[in-house]
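Protein chains in written order, with my numbering: chain U, 5 to 117; chain W, 282 to 395.
This is the structure we're talking about:
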C-alpha cells in the first residue's frame, strides 16, 4: 500500500471548517483513500473514503486531486468533539492486502472554543 | 447491533503470565483483525482472519496466537507476557477485505505487563 504524509498537528476554531491535508504521491490506480479518526484512545472511527471522485457524507467531505497524489478531508463546521487524531490511509482494493489498514501517526486536530 | 465488543477493558499482568483477550462481533462480518497501539503511535496489525477456521499473521505476530472457531469470535492469546506487550489492543471487523469496505473497531483493551 502507498505511504501517506500528514502534518503532525493542526488547530481549528470551533464552527469553522477544518481542512486536513494528506499526501499520497505513490498511490496506484486501484488504491482507495480512507480517513479514520481516533478520539482520546477510543477505537478508530471510519469517516469517509474515495477512489477518484470527491465524496461527501454526513460527517465530512473528501476532495481528491485529479492526479490522485493528494487529498483533503474537510469537516465543514468543526466542534470541540471533533478534537482527535485523524488518519489518512491508502488501501488496496483487493488482491493480497486482505483489507489491512496501515496506520501512520496521523494529524492531531485540536478544535478551540 | 452491539457492533464489536472487547473484554476486558483493562488488565495488569505479571511477566510470564498468560491471558486471552476476547473479541466478538454481531454484524456477521467475515474478516476480523487484531491491532495493537503503543503510546503516541499508529495501530499495527497483529493477526487477521478471513473467515471461520482461517487465520494469518500480520506485521507483529510474535508472542501472540489466535483462533477463529466461529464467525462471531476472534480471541487473541498471550502465552508468556512480556513488558514489550504493554499496549492498547483493538479488535476490528469488516464484511470483506475487498474494495471499499470499512472496518469497525471495538473500544480496546488496555494491557499493562509488569
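Built from N, CA and C at the ideal position, the CB exists for glycine as well.
Beta-carbon neighbours of residue i, restricted to chain W and to distances below 7 Å
i: residue 81 of chain U; result: Going along chain W, no residue has its Cβ under 7 Å from residue 81 of chain U, so there is no contact; the nearest lies around 23 Å.
Separation of residue j from residue i, as counted between CA atoms
i: residue 342 of chain W; j: residue 20 of chain U; result: 43 Å
i: residue 391 of chain W; j: residue 287 of chain W; result: 11 Å
i: residue 96 of chain U; j: residue 66 of chain U; result: 18 Å
i: residue 361 of chain W; j: residue 292 of chain W; result: 15 Å
i: residue 108 of chain U; j: residue 9 of chain U; result: 8 Å
Partners in chain W for residue i, counting only beta-carbon separations shorter than 9 Å
i: residue 105 of chain U; result: 314, 316, 324, 326, 373, 384
Environment of residue i [buried if 16+ CB atoms lie within 10 Å]
i: residue 93 of chain U; result: buried
i: residue 87 of chain U; result: buried
i: residue 81 of chain U; result: exposed
i: residue 104 of chain U; result: buried
i: residue 310 of chain W; result: buried
i: residue 340 of chain W; result: exposed
i: residue 15 of chain U; result: exposed
i: residue 84 of chain U; result: exposed
Contact list for residue i against chain U, beta-carbon separation under 9 Å
i: residue 387 of chain W; result: 47
i: residue 369 of chain W; result: 45
Closer than 8 Å at the beta carbon, the chain W residues around residue i
i: residue 91 of chain U; result: 323
Any chance you could list the beta strand (DSSP E) runs of at least 3 consecutive residues sitting entirely within the stretch 303-382 of chain W, in chain order?
312-318, 324-332, 335-338, 345-347, 357-359, 368-375
Just to confirm the assignment: which complete beta strand (DSSP E) runs, minimum length 3, are found wholly within the stretch 63-95 of chain U?
65-68, 74-79
Of all the beta strand (DSSP E) runs that stay within the bounds of the stretch 29-69 of chain U, which reach a length of 3 or more residues?
35-42, 49-54, 65-68
State whether the stretch 20-40 of chain U contacts the stretch 59-79 of chain U, with contact taken as three or more CB pairs (one from each stretch) at a distance under 8 Å.
yes
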